[in-house]
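Peer 1:
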Amino acid sequence: MSKICDYNLYLVISEEYGLGRSAVEIAKFAISGGVDIIQMREKSKARDELVKLACELSNLCEEKRVIFIVNDDPLIAKESGASGVHLGQEDMLKYSITRARNILGKGKIIGVSTHSLAQLNRANEEDVDYIAYGPIFPTKTKEYFLGAKDIKEVLRIAKKPVFFIGGINLSNLDEILKEGAKNITVIRGIIQAEDIIGRARSFKDRLIREKDKMDDILTIGGREINNRLFIGTGKFSSYELMRNVLECAEPDVVTVALRRVDFGSKTENILGYVPKKCIIMPNTSGARNAREAVRIARLAKASGAGNWIKIEVIQDNKYLLPDNIETLKATEILVKEGFVALPYMSPDLSIAKRLVDAGAAAIMPLGSPIGSNRGIKTRELVDIMVQEIKVPIIVDAGLGRPSDACECMEIGCAAVLVNTAIAIANDPANMAKAFKEAVIAGRRAYLAGLSSTRICATPSSPLTGFLRT
Numbered sequence: 000m001s002k003i004c005d006y007n008l009y010l011v012i013s014e015e016y017g018l019g020r021s022a023v024e025i026a027k028f029a030i031s032g033g034v035d036i037i038q039m040r041e042k043s044k045a046r047d048e049l050v051k052l053a054c055e056l057s058n059l060c061e062e063k064r065v066i067f068i069v070n071d072d073p074l075i076a077k078e079s080g081a082s083g084v085h086l087g088q089e090d091m092l093k094y095s096i097t098r099a100r101n102i103l104g105k106g107k108i109i110g111v112s113t114h115s116l117a118q119l120n121r122a123n124e125e126d127v128d129y130i131a132y133g134p135i136f137p138t139k140t141k142e143y144f145l146g147a148k149d150i151k152e153v154l155r156i157a158k159k160p161v162f163f164i165g166g167i168n169l170s171n172l173d174e175i176l177k178e179g180a181k182n183i184t185v186i187r188g189i190i191q192a193e194d195i196i197g198r199a200r201s202f203k204d205r206l207i208r209e210k211d212k213m214d215d216i217l218t219i220g221g222r223e224i225n226n227r228l229f230i231g232t233g234k235f236s237s238y239e240l241m242r243n244v245l246e247c248a249e250p251d252v253v254t255v256a257l258r259r260v261d262f263g264s265k266t267e268n269i270l271g272y273v274p275k276k277c278i279i280m281p282n283t284s285g286a287r288n289a290r291e292a293v294r295i296a297r298l299a300k301a302s303g304a305g306n307w308i309k310i311e312v313i314q315d316n317k318y319l320l321p322d323n324i325e326t327l328k329a330t331e332i333l334v335k336e337g338f339v340a341l342p343y344m345s346p347d348l349s350i351a352k353r354l355v356d357a358g359a360a361a362i363m364p365l366g367s368p369i370g371s372n373r374g375i376k377t378r379e380l381v382d383i384m385v386q387e388i389k390v391p392i393i394v395d396a397g398l399g400r401p402s403d404a405c406e407c408m409e410i411g412c413a414a415v416l417v418n419t420a421i422a423i424a425n426d427p428a429n430m431a432k433a434f435k436e437a438v439i440a441g442r443r444a445y446l447a448g449l450s451s452t453r454i455c456a457t458p459s460s461p462l463t464g465f466l467r468t
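Okay, so the sequence shown: first residue is 0 according to this note's numbering, each after it adds one.
#1: In three-state terms, what does DSSP make of L145?
#2: Check the DSSP bridge columns for N70 and list the partner residues they point to.
#3: Under three-state DSSP, which class holds A18?
#4: V334 and I388: beta carbons closer than 8 Å?
#5: What does the alpha-carbon distance come out to for the pair L103 and G83?
#6: Taking I383 as the reference, which of S349, Y9, A289, P368 has the closest Cα?
#7: Just to check my reading of the structure: V252 and I269 have Cβ atoms closer than 8 Å, yes? What is that Cβ distance to the nearest angstrom?
#8: Is the beta carbon of S511 less than 8 Å from the beta carbon of S57?
#9: Determine whether the beta carbon atoms of M471 and N70 lie at a separation below 8 Å.
#10: Assess contact between the region 365-379 and the region 408-422, defined as three or more Cβ pairs (one per stretch) separated by less than 8 Å. Is contact present?
#11: Return the residue from the list E142, K159, K107 that minimises the CA-CA distance to R121.
#12: Which residue from R98, L116, S115 puts its Cα closest to that of I109?
#13: Just list the alpha helix (DSSP H) runs in the region 297-380, keeping only unbroken ones of 4 residues or longer that don't cross its boundaries, in chain order.
#14: So the candidates are N168, N243, R222; which of them puts its Cα closest to the Cα of T232?
#15: Under three-state DSSP, which class holds F163?
#16: State the Cα-Cα distance for the pair S13 and N171, rounded to the nearest angstrom.
#17: Note down, in chain order, each residue of its chain lying with its Cβ closer than 6 Å to the Cβ of Y9, except the 5 sequence neighbours on either side.
#18: Mapping the DSSP letters down to three states, classify P134 as helix, strand or coil.
#19: For S451, does the count of other Cβ atoms within 10 angstroms reach 16, so buried, or fall short, so exposed?
#20: On the DSSP letters alone, give me the boundaries of the beta strand (DSSP E) that V394 sits inside.
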């Protein structure tokens with residue numbers, strides 16, 4: 000049995016809607032366009048015709064490694080060698096899930112239609128492999144539709160893969176994808192197209208792009224990072240304000256200075272104000288050389304703060320620029336001791352390469368001096384590092400505006416770390432949200448592919464074909 004996974008394009012075939020084309024012809028075109036699952040739904044054919052057609056489609060789908068499902072009838076599914084059967088609510092009056100399973104056996108797929116959350120909950124407890132939910136949009140065969148409003152709730156409670164069905168076409172596809180839909184079932188939207196291959200490919204390409212976007216998860220030290228905005232915990236006027244900011248921005252990674260962590264206090268330990276889901280990354284703030292940085296890192300780990308460490312070694316008291324050489328020494332030692340090391344450094348390609356060789360999990364070049372809010376003044380150097388360094392590049396320090404964070408993400412940085420610009424804002428919680436949204440926008444722009452800049456103008460409309468008198 001082929002596995003039902005995410006981002007499947009499921010096509011229901013009926014010659015009734017096929018513009019005179021046979022079911023086999025439609026299936027061949029659809030498979031060429033990237034359809035993953037084909038269901039035969041023919042209401043007007045005699046049983047012997049259905050068995051013959053099901054056998055043809057089953058052989059075709061087996062050859063092309065596409066899942067083939069028979070609608071309504073598990074006996075025809077068994078006779079034709081189909082991958083499985085799909086049962087509607089009315090079909091189950093004749094063939095219960097238990098009876099269908101007994102007919103088909105454990106190796107076959109059973110899908111079931113649901114039209115409400117109550118039916119979905121019942122299907123969760125049945126021996127089925129996937130659940131269809133709909134109709135989402137208006138159709139010619141149903142007098143009602145459910146809309147996209149419950150998609151998130153459906154996905155939250157579903158214990159099986161869910162295929163959304165009903166009136167789905169290219170013009171409304173984004174509406175359900177943005178709600179989290181991963182599997183879709185299409186009927187007329189594909190089989191009524193003049194170019195079935197092209198239409199199916201358009202649907203499949205859109206699903207692939209969505210999968211790529213959803214798969215765009217940052218991994219550092221074996222941990223998955225969904226929120227690419229890291230937040231520092233210094234300079235907040237109170238721990239309560241800091242907690243409010245963290246709850247609003249929902250960061251996955253939070254940095255703390257070890258000197259601000261009082262493990263013996265039950266009331267004023269900063270860690271008590273950090274959401275439990277966050278990865279705590281102590282920094283070695285205050286270290287003036289590698290020896291001191293290593294000592295601080297060891298103290299943090301021994302105190303229960305985990306093995307993530309932001310290595311920060313600074314001797315310069317005026318500009319607070321990191322000492323790259325001492326940072327490299329500390330990285331070499333701490334990586335060997337099992338730390339997930341993220342060194343903060345002045346952008347320098349050769350040092351960055353040596354940090355990677357030493358085992359750094361990510362590199363954190365500064366954008367501008369700490370607390371300056373001057374933005375990414377080191378852009379050209381950071382851009383080079385993004386192109387040449389194979390571990391994540393996370394811009395740290397100096398980002399003063401959400402647009403600065405967006406700019407970092409647009410050039411391909413993996414994440415940004417922000418503290419001062421959020422902590423000293425008039426409304427830190429809203430500023431944190433703004434930075435979070437800017438990071439998302441910048442990453443999306445990077446993945447979409449920014450167009451190149453030009454010195455000369457290029458027209459966006461044709462310069463020919465003006466009205467003549």
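Note that CB positions come from ideal geometry on N, CA and C, so glycine has one too. Nothing here was measured: the structure is a model prediction, and the numbers come from that model.
Peer 2: In this structure, then:
#1: Walking along the sequence shown from the start, residue 145 turns up at place 146. If DSSP states are grouped into helix, strand and coil, L145 belongs with coil.
#2: Taking the first residue of the sequence shown as 1, we reach residue 70 at position 71. Listed as beta-bridge partners of N70 by DSSP are H85.
#3: Numbered from its first residue, the sequence shown carries residue 18 at position 19. Looking at the sequence itself, residue 18 is Leu, so the reference to Ala does not match. Correct three-state label for L18: coil.
#4: On the sequence shown, residue 334 is found 335 positions in, with the first residue counted as 1. On the sequence shown, residue 388 is found 389 positions in, with the first residue counted as 1. Going by C-beta atoms, V334 is not nearer than 8 Å to I388.
#5: Looking up residue 103 in the sequence shown gives position 104. Looking up residue 83 in the sequence shown gives position 84. Between L103 and G83, the C-alpha separation is close to 7 Å.
#6: Here residue 383 is taken as the residue at index 384 of the sequence shown, counted from 1. Closest option to I383, Cα to Cα, is S349.
#7: Here residue 252 is taken as the residue at index 253 of the sequence shown, counted from 1. Here residue 269 is taken as the residue at index 270 of the sequence shown, counted from 1. Not quite, the Cβ-Cβ distance comes to about 15 Å (not below 8 Å), so this is no contact.
#8: Coverage of the chain is limited to positions 0 through 468, which leaves residue 511 absent and any answer about it impossible.
#9: Shown here, the chain extends from 0 to 468; a query on residue 471 therefore has no answer.
#10: By the C-beta criterion, the region 365-379 is judged to be in contact with the region 408-422, since at least 3 inter-stretch pairs fall below 8 Å.
#11: Residue numbering aside, residue 121 sits at position 122 when the sequence shown is read from its first letter. If we check each option's Cα against that of R121, K159 comes out closest.
#12: The residue labelled residue 109 in the question sits at position 110 within the sequence shown. Closest by alpha carbon: R98.
#13: 323-335, 348-357
#14: Position 233 of the sequence shown, counting from 1, holds the residue named residue 232. The residue with the shortest Cα to Cα distance from T232 is N243.
#15: To locate residue 163, count along the sequence shown from 1; it is residue 164. Here DSSP, grouped into helix, strand and coil, assigns F163 to strand.
#16: Translated into the one-based positions of the sequence shown, residue 13 becomes position 14. Translated into the one-based positions of the sequence shown, residue 171 becomes position 172. S13 and N171: Cα-Cα distance of roughly 22 Å.
#17: As a first step, residue 9 is located in the sequence shown; it is residue number 10 there, counting from the start. Excluding residues within five positions, the ones whose Cβ falls inside 6 Å are I36, F162, T184.
#18: Your numbering for residue 134 matches position 135 in the sequence shown. The answer is coil: DSSP assigns P134 none of H, G, I, E or B.
#19: Numbered from 1 along the sequence shown, position 452 holds the residue referred to as residue 451. Looking at its Cβ environment, which holds fewer than 16 other Cβ atoms inside 10 Å, S451 is exposed.
#20: By one-based count along the sequence shown, residue 394 stands at place 395. Judged by DSSP secondary structure, V394 falls within the beta strand (DSSP E) whose first and last residues are 393-395.
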